[in-house]
Each structure stands twice: as structure tokens, then as C-alpha cells.
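Q: Residues in the sequence shown are numbered consecutively from 2, following the numbering used here.
Could you have a look at this structure, given as C-alpha cells, before my questions?
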Amino acid sequence: MSGENLHLEKFFSCVDPVTGRTVIRLTSLEHHCHHPYFYYRAFSPDSRFLLYSSNQSGTVCLYCLDLETGESRLLSSLSKVNTFSSTFSADGRYVYFPAGDVLYRLEFSSGLTEEVYRQKPPFNGRGIYPGFSDNFRLVLLAQIHQEDVYHGKQGWDFYEPQCRLKPRCRLLLVNLQTGEEKVVLEERGWLGHPQVRPGDQETLMYCHEGPHYLTDSRIWLIQADGTRKRSIGYGEKSSEERKEIVTHEYFTPDGRYIAYTHFPAVYGQDGTIRMTEVDTGKEIILGQVHNYSHPFHSPDGCFIVGDEVNKSNPASACIWLFDIARRQESSLCLHGSSFAPR
2 MSGENLHLEK
12 FFSCVDPVTG
22 RTVIRLTSLE
32 HHCHHPYFYY
42 RAFSPDSRFL
52 LYSSNQSGTV
62 CLYCLDLETG
72 ESRLLSSLSK
82 VNTFSSTFSA
92 DGRYVYFPAG
102 DVLYRLEFSS
112 GLTEEVYRQK
122 PPFNGRGIYP
132 GFSDNFRLVL
142 LAQIHQEDVY
152 HGKQGWDFYE
162 PQCRLKPRCR
172 LLLVNLQTGE
182 EKVVLEERGW
192 LGHPQVRPGD
202 QETLMYCHEG
212 PHYLTDSRIW
222 LIQADGTRKR
232 SIGYGEKSSE
242 ERKEIVTHEY
252 FTPDGRYIAY
262 THFPAVYGQD
272 GTIRMTEVDT
282 GKEIILGQVH
292 NYSHPFHSPD
302 GCFIVGDEVN
312 KSNPASACIW
322 LFDIARRQES
332 SLCLHGSSFA
342 PR
């Protein structure tokens, strides 16, 4: 790995006020930093390196932090880099990241960066939000027509009006080895969270994005050839009648289940962690939790980590660990986030 663009992060240890555990802060409070979105591979396979973004140079750039030495390496300073969608490949050889309408692949050892896909009009209304097969040969993209993007509001304020527009969207499957592109689905409705099932790259998942009262069913599956489009639960009633909220779905590491948080009526209240078996459609309720917003399985499938949503008292919100075998959770540390967009 090249020694260029390296600096030393000052790790800082403190005692968590809730659990008494030691918490190590990896990045400086002087700059806004975050890791990738919850279902991307933020850690290298050996857990030594962590992808993160920082505005320490004056603009948002993609970095990699060596958790053993504290050295931080600049990976990309390209304009419009989408650090939330950056990910290590399964073997750790590459880092994939979007910047504007281009998906890049960076060889981690050398830093050599190449363009692997360029989004074309008219379905380039927003940046690239990729979902990769576990061998990283395929990438699934949820694209929106450039004429159907809602403008005028920022943060979460755009969420409802964008959904009401019923934008023209499509799922595009791209073979990163051959360059072949295939439109899997095209419809009016906001599509998001494209993901490829682990161990089965013929089965694709996506969501109908938007407030629950404006969508029919949140979670959908479809085959790579465009057949067998089907919803995963909570679509039997009309949007006016349905109260349930399911969100932040993802495949379990073995690909057997789709996991998600379920709220019976109000987002952030009375949450449970649930899983639906892909092949049978059977739902399993793992148990009541402290209202996780972004749950995710450990690689061995034994635990779920979740970030609590607490709208009435954000300063008390914690990170929780859920033991799947015991159906028990325990608090790891305070995070205190309001989840307000920046």
C-alpha cells in the first residue's frame, strides 16, 4: 500500500456513561466523519482497515483507516464521491465507490482507480446506489429518470413529495466483467435499496421507497430475468388501512433470510426484529428491541447490532447488541444521535 496521503488519527478512549465500557473514538471531532451505509462492507476481510469519509480537506473525501497503526489514507477526492455507498470487495482486493454518475473500482494495494460503469441519461436522475453480488461480478442499480427527480427541499423534507411524484424508475443489472447491461424491471414508483442475494445471484431484492402510508409493500423480490416479482409481507391491506412500518431490510449473511425492523404503527416505537425466509415466505419474530433504525447481522449470523431511535429523548439513544440464540439484547454504548440529516 502506498505511503502517500497518510496521516495519524488520534484515537481517544473514554468510559461510556451508560454501560461503563471503554469506547474508542477513531476520528477527530473537528471534522464530520461517517462510515458507509449499513449493508456495505466497511471493514476489510481481515478487519484491519475501515472505510470512512471526512471533510478534513474542505470537501468530502473517501479515506481508509488502519485500525492497528492509526494511519489514515486518502483513497479518493473525486468530485461528488458518494462515500455512503463505498465498499470493500469480498476478498478485500478492491474498493468500489460511486462519484456522480460513475462507479469506480480502486485496487487497494496500489491505489490504481478505474471506471467500471457510467450511468447514462435519461435514467441518471440521482447518483449511483449499487448492490453487489457476493462475488462482485454483478452490480444491481436502482435508477430514477432525470425528469422525475423532486427538487426544492433537502434532508427528509424531500421524502414524501418525491414518493408522490411516482417517478419512472428501473432496476439495471450490470455484469462488471463483460459490461453487459440488462433492465430487470421498469415501473412508475420510487425504487431503492437494490441488493443481490448471497449465494444466489439470480434473486434480487429492492424496496418501494417512501413513507409507509404512500407505498403498497416495502420489500420486493424479483428474479434476474425479470420474472417472479413478489412482495414480502405487509402488502395485503390498502395504504390507508395499513399501520405497520418495515424498514432497512437486508439479506442475512447466508442468504436464507431477509431481516428488517418492524414498527406496528409509529416509526421508532415498539420495534421488533423480524426475518422472513426467502424460499418459504415464513416470518420469524426474533423479539422486542430498542427501536433499531439500521440493524445488521454479524458475519457469523449469531448477533445483530442496532442503532436505537429515540425521538422523545435522542440524547439517551444507544447502540445495542442482540443475541439471536438467546433472543436477548444488551446495550453496548450511548450514541445520542437525533438522526437529523446534515
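Note that beta-carbon positions come from the ideal geometry of N, C-alpha and C, so glycine has one too.
My output table needs one value for S317: the three-state DSSP class, helix, strand or coil.
A: The residue you call residue 317 lines up with position 316 of the sequence shown. Helix.
Q: For the beta strand (DSSP E) containing C208, list its first residue and its last residue.
A: In the sequence shown, the residue the question calls residue 208 occupies position 207. Residues 204-209.
Q: Given the structure, does C164 come close to the ligand SAM, in the sense that its CB is under 7 Å from one of the ligand's heavy atoms?
A: The ligand SAM is absent from the structure shown, which contains no ligand whatsoever.
Q: Is the shortest distance between the beta-carbon of L66 and the beta-carbons of chain D less than 8 Å?
A: Annotation note: the requested chain D is absent from the structure, which comprises a single protein chain.
Q: Helix, strand or coil for E309 per DSSP?
A: Sequence index remark: in the sequence shown, residue 309 carries index 308 (1-based). DSSP places E309 in strand when its eight states are reduced to three.
Q: Just checking my contact of L63 with S77 at CB under 8 Å: how many whole Å lie between their CB atoms?
A: Counted from its first residue, the sequence shown places residue 63 at position 62. Counted from its first residue, the sequence shown places residue 77 at position 76. By a beta-carbon distance limit of 8 Å, L63 contacts S77. Their separation comes to about 4 Å.
Q: Can you name the residues that DSSP bridges to I220?
A: Reading the sequence shown from its first residue, position 219 is the one you call residue 220. I220 pairs with C208.
Q: Pop quiz: S232 and I246 are said to be a contact at Cβ under 8 Å. What is the actual Cβ separation, rounded to whole angstroms?
A: Taking the first residue of the sequence shown as 1, we reach residue 232 at position 231. Taking the first residue of the sequence shown as 1, we reach residue 246 at position 245. Actually they are not in contact, since the Cβ atoms of S232 and I246 sit about 15 Å apart, beyond 8 Å.
Q: Since I believe E284 is in contact with G234 (beta carbons under 8 Å), could you give me their beta-carbon distance rounded to a whole number of angstroms?
A: If you number the sequence shown from 1, residue 234 lands on position 233. If you number the sequence shown from 1, residue 284 lands on position 283. Rounded, the Cβ-Cβ distance is 6 Å, consistent with contact.
Q: How many whole angstroms separate the CB atoms of Y207 and P199, which I take to be in contact at a CB cut-off of 8 Å?
A: Numbered from its first residue, the sequence shown carries residue 207 at position 206. Numbered from its first residue, the sequence shown carries residue 199 at position 198. About 16 Å; that fails the 8 Å criterion.
Q: Hey, G71 and F12: beta-carbon distance below 8 Å or not?
A: Stepping through the sequence shown from its first residue, residue 71 is reached at position 70. Stepping through the sequence shown from its first residue, residue 12 is reached at position 11. In contact: G71 and F12 (Cβ atoms closer than 8 Å).
Q: Along the chain, where does the alpha helix (DSSP H) containing Y160 start, and where does it finish?
A: Stepping through the sequence shown from its first residue, residue 160 is reached at position 159. Looking at the DSSP string, the run of the alpha helix (DSSP H) that includes Y160 is 160-165.
Q: For F360, does the three-state DSSP call read helix, strand or coil?
A: The chain is shown only over 2 to 343; residue 360 falls outside these bounds and no answer can be derived.
Q: Bridge partners for R169 per DSSP, in chain order?
A: Taking the first residue of the sequence shown as 1, we reach residue 169 at position 168. Looking at the DSSP assignment, R169 forms a beta bridge with R189.
Q: For A100 and E181, what's the separation of their Cα atoms in angstroms?
A: Here residue 100 is taken as the residue at index 99 of the sequence shown, counted from 1. Here residue 181 is taken as the residue at index 180 of the sequence shown, counted from 1. Near 21 Å, if we compare the C-alpha coordinates of E181 and A100.
Q: Candidates K244, R127, S86: which alpha carbon is nearest L192's?
A: Position 191 of the sequence shown, counted from the start, is the residue given in the question as residue 192. Taking only the C-alpha atoms, the option nearest L192 is R127.
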